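Per my numbering, numbering of the sequence shown is gapless, rising by one per residue and ending at 482. Yeah, the Cβ is synthetic: ideal placement off N, Cα and C, and Gly gets one too. Since the structure is predicted, the reported quantities are computational estimates derived from the model, not experimental observations.
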Amino acid sequence: METRLNKLTSRTQDGFVHHGNNGLENGLITSAVTPSSLVTVNTNFDVIIIGAGFTGLMAARELSRRNRKVLIIEARDRIGGRTFTSEFDNQKYEMGGTWVHWSQPHVWTEITRYGLSIVETQGVTADRLSLLLDNGSRLKITSMTNLLPQLCESMNNYSNIDGVQGRTVMPLPHEPFGANEVIQTYDKMSMQDRLDQISTIFNNNKDMYEIMDAYLSMNSQCKLSESGFIDHLRWWALGDYETCRLFDKTSRYKITEGISTLAKAMLNDCHNVQLLLSTPIISINRTNDNNVTICTQNGQLFTGRTTIITIPLNTLHNIEFLPPLKLEKQRVINEQQCRGGSKFAVKLEEPIGNWCGYAPYPNPITMAFTDDKEGTIIIGFGMEDLLDIRDFDAVKLALNKLLPDIKIKYIIGHDWRSDPYTGGTWGWYRPGQITSNLLTLQEHEPPLFFASSDTANGWRGFIDGALESGLTVVRHVEQYLNKESTINI
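Below you can see the structure in the form of structure tokens.
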């Protein structure tokens, strides 16, 4: 029994373009669409990888270099997971994960390996700034030159939980439990709890309180009361405990050739790896002979010695595990994490130059900025489900509050929050979940292994975190397979 080879196409079912009065067009052109392999179902694989995001691609490439027979099963019609580059109107748009930095060790290694380059997102450092304050009723136009010293001081105060900018809490940002006893103390704190603790410093500067609310909410894409403060400190530590460095590392530089170019390069670098796209799975069964059988939505069965599950945390509950996973693992899977909000891009009728805007909760857009040199493209972010990015009029209304005179040509994006294969945007844990859930999520149940950007130690929620997790899990899988081979000799 064999699968049918997918028709080669460059259009994914993911994403949309809304042209206003000319209507909505579903699906986007992307190089992340690639043909499936012709897979013989009764093949016994060394490793079956669930998910063709960057965690799965990293694991597949590294395992193939160790001469393992690997099958990747992906529910989507493309690779890249929570990232893909769409080419539309002679422009590259990043629909999901976008920004990289040379201090992100794993992604920078891959950028170097494949000879890729980076380009700057112009509006992140724009001087012209719009602030929507007083519950969306007051628009303030200012400059980042004037605001930045105040923002840096506020961020320093916010992060200075221990008198040394969080360094005793997060001394080693790639080791989340490097100061375990201190982590236990602060993990229960929400981002709102911390903002409340320092609220008196804003008594004479209410505007700065609202700006801090907007910036912090944009990072977690969730109500601050439901967002864990420890995840903020992790970002802060990864940003070298400094506001401008944090900006640079999280939202300033992107791959010139597009994120999907990196994903394709990694896939093309795999050897003896087969790929099945458009193949959702429904169950993972550990058999009596300690193999793993994967059952797909269309009834196909695939068998392997091990399985690596790389799908997002918020979708793990959709898979049936037979026998069930450990009770503690089931608990943390069912708890999930913050679902995040929205990301979209708009093309303007006329250029506006470099610009950036902030608006605190409950405004539907918390942050937006121009992406190109001329200022014809704006990237926007919204919290939770406050903005339906597929609603042209709703996006126009929300953006016009920050930029009253602009006219939108089209909106392009993907609704990650409603996507059944992601259940949200990037990873952000709720209060208490780092100490109660992270180690359990990272724990393997051989022959089942778990890896994801959502459970990485360092740049969790970023492409770098996905690559870290994929590289780490390969070591554990290899140890297991080598041990099993020795036992069976």
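Proximity to Asn173 [Cα-Cα], best of His469, Leu432 and Asn347: Leu432
task: Please work out which residues of its chain come closer than 6 Å, Cβ to Cβ, to Gln97, disregarding the five sequence neighbours upstream and downstream, and give them in chain order.
output: Trp452 and Asp457
task: For His310, I'd like the list of residues in its chain whose CB is within less than 8 Å of its CB, leaving aside the five on either flank, ordered along the chain.
output: Ile326, Asn327 and Gln329
query: Would Ile223 pass as a contact of Ile427 if the rule is Cβ separation under 7 Å?
result: yes
Extent of the continuous alpha helix (DSSP H) to which Thr300 belongs: First-last for Thr300: Leu294 to Ile302, but that is the beta strand (DSSP E), not the alpha helix (DSSP H).
query: Contact between the region 408 to 423 and the region 347 to 364: three or more CB pairs below 8 Å?
result: no
Cβ-Cβ distance between Ile134 and Ser123 below 7 Å: yes
field: Arg69 versus Gly16, Cys237 and Ile304, residue with shortest Cα-Cα distance
entry: Ile304
- request: Measure the alpha-carbon distance for Asp39 versus Phe442 and round it to whole angstroms.
  value: 13 Å
- prompt: Going along the chain, which residues of its own chain have a beta-carbon closer than 6 Å to the beta-carbon of Leu1, five neighbours each way excluded?
  reply: Low local confidence applies: a pLDDT of 43 at Leu1 is under 50, so the model's placement there is unreliable, and no value is given.
query: According to DSSP, what are the bridge partners of His310?
result: None; His310 has no bridge partner.
query: Roughly how many whole angstroms lie between the Cα atoms of Arg423 and Pro164?
result: 21 Å
Whole-angstrom distance between Glu342 and Arg75, CA atom to CA atom: 29 Å
- request: Classify Ala52 as helix, strand or coil using the three-state DSSP reduction.
  value: helix
- prompt: Are Pro357 and Leu379 touching if we call contact CB-CB under 7 Å?
  reply: yes
- prompt: Measuring CA to CA, which of Gln293, Thr300 and Gly420 is closest to Arg332?
  reply: Gly420
- prompt: When the Cα atoms are used, what is the spatial distance from Leu21 to Gln185?
  reply: 38 Å
task: Helix, strand or coil for Trp228, going by three-state DSSP, please let me know.
output: helix
message: By the three-class DSSP mapping on this structure, what secondary structure does Ile480 have?
response: helix
task: Report the three-state DSSP secondary structure of Lys400 (helix, strand or coil).
output: coil
message: DSSP three-state label for Trp92, please.
response: strand
query: By Cβ distance, which residues of its chain are closer than 8 Å to Ile401, with the 5 residues on each side in sequence left out?
result: Gly13, Val339, Lys340, Leu341, Glu342, Phe385, Val388, Lys389 and Leu392
query: Apart from the five residues just before and just after Gly334, which ones in its own chain have a Cβ nearer than 6 Å to its Cβ?
result: Gln214, Gly375, Met376 and Glu377
query: On the three-pair Cβ rule with 8 Å, is the region 463 to 480 touching the region 48 to 57?
result: yes
- prompt: Buried or exposed: Asn430, going by 16 or more other Cβ atoms within 10 Å of its Cβ?
  reply: buried
- request: Would you kindly report the start and end of the unbroken beta strand (DSSP E) that includes Ser335?
  value: Ser335 to Leu341
- prompt: Quick one: Cα of Thr236 to Cα of Thr308, how far?
  reply: 33 Å
query: Distance, Cα to Cα, Leu144 vs Asp282?
result: 59 Å
- prompt: Which class does Gln267 belong to by DSSP, given the choice of helix, strand or coil?
  reply: strand
query: DSSP three-state call for Ala502: helix, strand or coil?
result: Residue 502 is absent from the structure shown; the chain starts at -6 and stops at 482.
message: I need the boundaries of the beta strand (DSSP E) containing Ser258, first residue and last residue.
response: In the sequence as displayed, the identity of residue 258 is Ala instead of Ser. Taken as a continuous stretch (DSSP letters only), Ala258 belongs to no beta strand (DSSP E), being part of the alpha helix (DSSP H) at Ile252 to Asn261.
- prompt: Apart from the five residues on each side of it in sequence, which residues of its chain come closer than 7 Å, Cβ to Cβ, to Leu318?
  reply: Glu438
- prompt: What residue range is occupied by the uninterrupted beta strand (DSSP E) comprising Met360?
  reply: Met360 to Thr363
Glu461 (DSSP reduced to helix, strand or coil): helix
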